[in-house]
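Numbering-wise (my numbering), the sequence shown opens with residue 9 and increments by one.
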Amino acid sequence: MTLPPRRVGIVGNREKKGARALIPALARWMREREVQVLLEKGIAGAVRGLGSGVPLGSLISRVDAVLVLGGDGTFLSAAREAARGDVPILGVNLGGLGFLTETAESDLYPALERLLQGDVEIEPRMMVEARVRSRKSKAPWIESGLNDVVIHQSDESRMVQLDLRIGSTSIGTLAADGLIVATPTGSTAYSLSAGGPIIRPTIEGLLATPICPHSLAFRPLLISAGEKLRVRVGHNVKRARITLDGQVSRLLQPGDDVEIRRAKGRVSMISLRRESFYEVLREKLAWAGPSTRTRIKD
Numbered sequence: 009m010t011l012p013p014r015r016v017g018i019v020g021n022r023e024k025k026g027a028r029a030l031i032p033a034l035a036r037w038m039r040e041r042e043v044q045v046l047l048e049k050g051i052a053g054a055v056r057g058l059g060s061g062v063p064l065g066s067l068i069s070r071v072d073a074v075l076v077l078g079g080d081g082t083f084l085s086a087a088r089e090a091a092r093g094d095v096p097i098l099g100v101n102l103g104g105l106g107f108l109t110e111t112a113e114s115d116l117y118p119a120l121e122r123l124l125q126g127d128v129e130i131e132p133r134m135m136v137e138a139r140v141r142s143r144k145s146k147a148p149w150i151e152s153g154l155n156d157v158v159i160h161q162s163d164e165s166r167m168v169q170l171d172l173r174i175g176s177t178s179i180g181t182l183a184a185d186g187l188i189v190a191t192p193t194g195s196t197a198y199s200l201s202a203g204g205p206i207i208r209p210t211i212e213g214l215l216a217t218p219i220c221p222h223s224l225a226f227r228p229l230l231i232s233a234g235e236k237l238r239v240r241v242g243h244n245v246k247r248a249r250i251t252l253d254g255q256v257s258r259l260l261q262p263g264d265d266v267e268i269r270r271a272k273g274r275v276s277m278i279s280l281r282r283e284s285f286y287e288v289l290r291e292k293l294a295w296a297g298p299s300t301r302t303r304i305k306d
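Right under this line is the structure:
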């Protein structure tokens, strides 16, 4: 990766009016500073006068950094591609919670000044990989995600039965609405809503969180990053589905084997924050209650 960047790719959610309105001035601002700008094809098609853009995969191979305008969903889809090219990525939040898109729109240009000066930190974020081996296919289906892997029922309000193993050790059969296997980055997403703990992103590990388990004995479990979780879909389970980051998915067949482990690639997140991870938790998630709560006096 090259920092400070001289070639910046811009990815945005074309459905957000704020992203479409921001890009012309943003591109002009960068070009005035002799930074080459490339637009992703989708957002370029929604903005006049800036060309047709290029597909995301091609854009990643041609830039030093990626700027994402939108929310966490847009960031996740761009991050998976950026990880393949080891290109750092900065998210700009245009509304909503924005836990991954850390830079507010009002702070955009000061943030870019720091980026162009190289006054930023790169945070490598662990990813999760899922490998599906099916009797109906010779080659495994392999995908990676930044947040999580979820195995769930596809279209019926029925439980799934999953045989779970860590390495060669069986840990039981889970009957539940599903199973979330999250990275530390993803621990503040779906897994948190399902009762999983919050994990600092710099910690290496995979968090297995059952979704509404039939037995209270199944609690969230933190697995070492070097271990592999093996899941076999029960033979009476029909139309189960595996989904990564809420975006990439496929159907699972009874008897399919899913191996979930730490991915080889990582997402290089550009960080400009001065505050700690725990301050961000308080700001974004109101963790431990409002900051105005009564404090114990010294």
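Note that CB positions come from ideal geometry on N, CA and C, so glycine has one too. Every value quoted in this text rests on a predicted model; they were computed, and no experiment measured them.
Where does residue i sit, in a helix, a strand or coil, going by DSSP?
i	result
T196	helix
A294	coil
R28	helix
R122	helix
L64	helix
L289	helix
E42	coil
A52	helix
A233	coil
R36	helix
L116	helix
With burial defined as no fewer than 16 other Cβ atoms inside 10 Å of the residue's Cβ, what is the status of residue i: buried or exposed?
i	result
E110	buried
I219	buried
P32	exposed
P13	buried
F285	exposed
N21	buried
E48	buried
Would you mind working out which of the options sits nearest residue i, comparing C-alpha positions?
i	options	result
G234	K272, G263, A184	K272
L64	R56, L58, A52, G57	A52
E89	T217, E151, L230	E151
F226	E48, P148, G186	G186
I268	R141, K146, P262, P118	R141
G203	T193, L67, P221, S69	P221
A248	R15, L214, L120, R166	R166
Do residue i and residue j have their C-beta atoms within less than 8 Å of each other?
i	j	result
T191	M134	yes
V239	I159	yes
L116	I278	no
V76	V100	yes
L46	V71	yes
G50	L102	no
G194	D163	no
Mind listing, in chain order, the continuous beta strand (DSSP E) runs of no fewer than 3 residues lying wholly within the region 236-287? Counting only runs of 3 or more, we get 237-241, 248-252, 256-260, 265-279.
Which parts of the region 68-109 are runs of the beta strand (DSSP E), unbroken and 3 residues or longer, counting only runs that do not cross its ends? If only complete runs of 3 or more residues are kept, the region 68-109 shows the beta strand (DSSP E) at 73-78, 97-101, in order along the chain.
Beta strand (DSSP E) runs wholly inside the region 141-210, at least 3 long, in chain order: Taken in chain order, the whole beta strand (DSSP E) runs of length 3 or more contained in the region 141-210 are 149-153, 156-161, 168-174, 177-184, 186-190.
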